[in-house]
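Each residue of the sequence shown is one higher than the one before, counting from 1 in UniProt numbering. Glycine included, C-beta positions come from ideal geometry on N, C-alpha and C. No experiment lies behind these values; they were computed from the predicted model shown. What follows is a set of notes on a single structure, which appears directly below.
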Amino acid sequence: MAGVGPMTQDWEPVVIRKKTPNAAAKRDEKTVNAARRSGAEIESVRKHNAGTNKAASSGTSLNTKRLDDDTENLAHERVPTELKKAIMQARGEKKLTQSQLAQVHYFLSSLCFSSFL
């Protein structure tokens, strides 16, 4: 506590040091040249695919080949024209609109009739 008791001076030396250089500072051009001049051993490692224009993963060629070889037909089956006409005639006889027909049968009119009728 300041101002309490006799005043004494501390004559112990205080050493202030700079931080050790981090990895980015070690890669600095000035630092590398100074290390070369002093004869220190310098290791340079090239990263895999560094500086090239290759994709990160070249495994896509296998997938594209597999997709090209695939001959399966992935189209949805269509509703026959006769069924479409029969639904339209029955709806017309009962004098229902598409939305009323959808409400009676608990369908969404936008999903039901846009793809079928």
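In this chain, the alpha helix (DSSP H) harbouring L101 covers Q98 to V104. When secondary structure is reduced to three states using DSSP, V4 falls in the coil class, being assigned neither helix nor strand. For secondary structure counted as the alpha helix (DSSP H) over 4 or more consecutive residues, the segment 56–92 holds these complete runs in sequence order: 60–69.
A direct Cα-Cα distance of roughly 16 Å separates K19 from R27. Note on geometry: alpha-carbon atoms of F107 and L101 lie some 8 Å from one another. Note that the C-beta distance between A35 and I42 is below 8 Å.
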